[in-house]
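Numbering of the sequence shown is given in the numbering used here, commencing with residue 88 and proceeding in unit increments. All C-beta atoms in this analysis are idealised placements derived from N, C-alpha and C, irrespective of residue type, glycine included. One structure below.
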Amino acid sequence: MRTRGCRGLAGAVALLAVLGLSACGHADEPDVSLEGRWRLERLVDAGDETVFAKASGPPVLTYILEYQALSGCQVIEWKTHTDGEDVRFTDMTVGSMMSCPVNFVDLLDGTYPDLLRRVDHARRGDRTLVLSGDDLEMTFVPLDSRDSSPD
88 MRTRGCRGLA GAVALLAVLG LSACGHADEP DVSLEGRWRL ERLVDAGDET
138 VFAKASGPPV LTYILEYQAL SGCQVIEWKT HTDGEDVRFT DMTVGSMMSC
188 PVNFVDLLDG TYPDLLRRVD HARRGDRTLV LSGDDLEMTF VPLDSRDSSP
238 D
């Protein structure tokens with residue numbers, strides 16, 4: 088009789104532990120949607136703020152099939168991991184386009200992949216997508232079809 092009671096108590100404790108761990112995670116929180124085509128509008132990195140004018144050709148986050156961004160002449164591909172608002176970009180590869188526009192200037196000087204590697208959180212509003220991480224916040228707005236940014 089005593090053994091059965093101990094087993095029942097141990098089972099109840101194990102069940103509570105599992106339920107408690109589930110409650111601590113993001114089980115009830117839907118994953119943030121990164122779908123769409125986004126233009127980087129504002130970057131705050133280590134307290135330094137940069138605001139990109141639409142005409143300046145800022146970096147574009149083209150979230151098609153969950154894996155691609157464009158930054159100037161760079162094409163960046165990755166794997167995305169989301170859990171609620173927790174987001175990570177991993178297994179990143181960086182390539183170059185076959186040609187770049189004449190007089191092209193890379194506004195991020197090739198650092199866009201490094202910025203994306205630091206992202207660990209995302210939140211989405213009606214007209215914004217904010218990716219943030221270690222002393223970093225990148226605010227994106229929808230890429231308008233009138234933008235001259237590359238596809």
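Handout entry: Of the listed residues LEU202, ASP115, GLU128, nearest to LEU216 (C-alpha basis)
Key = Looking at LEU202, ASP115, GLU128, the one whose alpha-carbon comes closest to that of LEU216 is GLU128.
Handout entry: Nonlocal neighbours in the same chain, by C-beta distance under 7 Å from THR177, ignoring five residues either side
Key = So the list reads TRP165, LYS166, HIS168, once near-sequence residues are dropped.
Practice task
Give the straight-line distance between the Cα atoms of GLY171 and ARG205, rounded to the nearest whole angstrom.
Solution key: When rounded, the distance between both Cα atoms is 17 Å.
Practice task
Count the other CB atoms, across all protein chains shown, that sit within 10 Å of the CB of TYR158; report buried if there are 16 or more and exposed otherwise.
Solution key: The displayed chain sequence assigns Ser, not Tyr, to residue 158. Label assigned to SER158: buried.
Exercise for the section: Identify whether ASP132 lies in helix, strand or coil by the three-state DSSP scheme. Expected result: strand
Exercise for the section: Identify the continuous beta strand (DSSP E) that holds LEU157 and give its terminal residues. Expected result: 155 to 158
Practice task
Can you tell me which of PHE227, VAL181, VAL228, ASP222 puts its alpha carbon nearest to the alpha carbon of ALA133?
Solution key: Residue ASP222 holds the alpha-carbon nearest to the alpha-carbon of ALA133 among PHE227, VAL181, VAL228, ASP222.
Problem - Where ASP201 sits in the DSSP three-state scheme - result: For ASP201, the three-state secondary structure derived from DSSP is helix.
Exercise for the section: Tell me where the beta strand (DSSP E) around GLU164 begins and ends. Expected result: Where GLU164 is concerned, the enclosing beta strand (DSSP E) stretches over 161 to 170.
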